[in-house]
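See below for the structure under consideration.
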Amino acid sequence: MATAASLLTAALLTAACSTGEGGGVSATSARTSSGDTTDTSDVRRVDDVGGERVEVVAVGDIACPPGARATRTTCRQGRTAALTKRIDPKAVLALGDLQYEEGTLRAFRKSYDRSWGDLRSITYPTPGNHEYRTAGANGYYTYFARRTPDSPGFYAFDLGRWRAYSVNGNCSEISCDRQAALLRNDLEENPRRCSLIATHFPRYSTGEHGNNRFMERFHRIALRHRVDLVLAGHDHHYERYRPMNNRGDVVERGVVQFVSGGGGKSHYAADGRATGSAYVEDDTFGVLRLVLRPDSYRYGFRGIDGSRQDNGARDCV
């Protein structure tokens, strides 16, 4: 498992002018919904992944607190990590709530690192709400210091021919308006045949937490710019949605959303009885496996029990 040597810059939403990690990058800006201009001159470098075929694992809601005992229905992060290593992807999209309960640096080192730590060099993380139970998600940003920009942690990168975005959905903690402006700006400046967004909170879910209407702003941008996939966690199950618009309708050129929250912490029940919900698995820990090609993708759920469910393929919109 290795990333390509090529590097792509990813914009930060901070006021600094330089990170001290390389120079010679032109400044850019984006306009927020209030009309303010967001400076994106502060730039961090994030590994791209090269190739015409890129295999990816996406999952969130992973590691129990240090010392918690594994049972059949809890704390199976070691098993999901072992499964991911067998899949041998080029990239792992870690969809938030990676370390319970408070996401401290000590907990990351004592639990997450001892299961998923070997995969950190290919991990593209996104923070969840449990990361913010530590002030400023400091444990998360310190542990992943070489894999993500500082707060608010928005960044863009390439997975083969695909453009990918990590979006921090903790809108009570950071400015989601500013992130939305950066997302729009990058989609317009870097148009691709295929693209995806990785975040923590799903717009749609039939699990315990349900729909997250505050994610509408990102879903609208995704629809307008023909983003193909939105990947989320938060609810502890696997669920695939048919292409959806922002009003909850199934449409031909909508956004396909996956909930992949079976990373090991626990199970949440999901009934799948909602418009657009196409497949649910809520009692098996496992991961979403994606194979990204220049104009299409394959998907499927892989369980720690060896199951291979919900296999399919779609062309990019």
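Numbering (my numbering), first residue to last: 4 to 320.
Quick reminder that beta carbons are idealized off the backbone N, C-alpha and C, glycines included.
Asked                                                                                                          : Found
Closest by C-alpha distance to phenylalanine 221, when choosing among Asn171, Val52, Glu55, Ala110             : Asn171
Inter-residue Cα distance where the pair is valine 233 and glycine 63                                          : 13 Å
Three-state secondary structure (DSSP) of phenylalanine 160                                                    : strand
Presumed contact (8 Å Cβ cut-off) between valine 262 and glycine 289, rounded CB distance                      : Valine 262 to glycine 289, Cβ: 12 Å. No contact.
7 Å CB neighbourhood of asparagine 214 in its chain, flanking five on each side removed                        : Arg206, Tyr207, Ser208
Neighbourhood of alanine 148 by C-beta, 6 Å cutoff - its chain only, sequence neighbours within 5 removed      : none
Beta-carbon spacing of glycine 265, threonine 287 below 8 Å                                                    : yes
Classification of alanine 273 by the beta-carbon crowding that lies within 10 angstroms, buried from 16 upward : buried
Reduced DSSP secondary structure (H/G/I, E/B, other) of tyrosine 300                                           : strand
Rounded C-alpha distance that separates glutamate 192 from serine 299                                          : 22 Å
Range of the contiguous beta strand (DSSP E) that encloses leucine 232                                         : 232–235
For asparagine 314, the first and last residue of its enclosing beta strand (DSSP E)                           : 311–318
Rounded straight-line distance, which links the Cα of leucine 122 to that of tyrosine 143                      : 15 Å
Cβ pair histidine 133, glycine 156 closer than 8 Å                                                             : no
Same chain only: Cβ atoms within 6 Å of arginine 256, ignoring 5 sequence neighbours per side                  : Val320
Candidates Lys113, Ile177, Gly81, of which the one nearest alanine 138 by Cα                                   : Ile177
Own chain, CB closer than 6 Å to arginine 187, minus 5 neighbours either side, in chain order                  : Ile224
Rounded C-alpha distance that separates tyrosine 115 from aspartate 238                                        : 19 Å
Pairwise C-alpha distance: lysine 113 and aspartate 308                                                        : 25 Å
As assigned by DSSP and simplified to three states, the class of alanine 110                                   : helix
Residues that glutamine 260 bridges to, as DSSP identifies them                                                : Val233
Reference arginine 245, options Val283, Ala94, Glu219, closest by Cα                                           : Val283
Span separating the alpha-carbon of glutamate 211 from that of arginine 56                                     : 35 Å
6 Å Cβ shell around glutamine 80 - same chain, five flanking residues per side excluded                        : Ile65, Ala66, Ser118, Gly267
Arginine 166 burial status per 10 Å Cβ neighbour count (16 or more: buried)                                    : buried
Rounded C-alpha distance that separates glutamine 130 from serine 269                                          : The sequence shown places proline at residue 130, not glutamine. Rounded to whole angstroms, proline 130 to serine 269 spans 18 Å at the Cα level.
Residue(s) in a DSSP beta bridge with threonine 126                                                            : Val95
Bridge-paired residues (DSSP) for tyrosine 244                                                                 : Ser280
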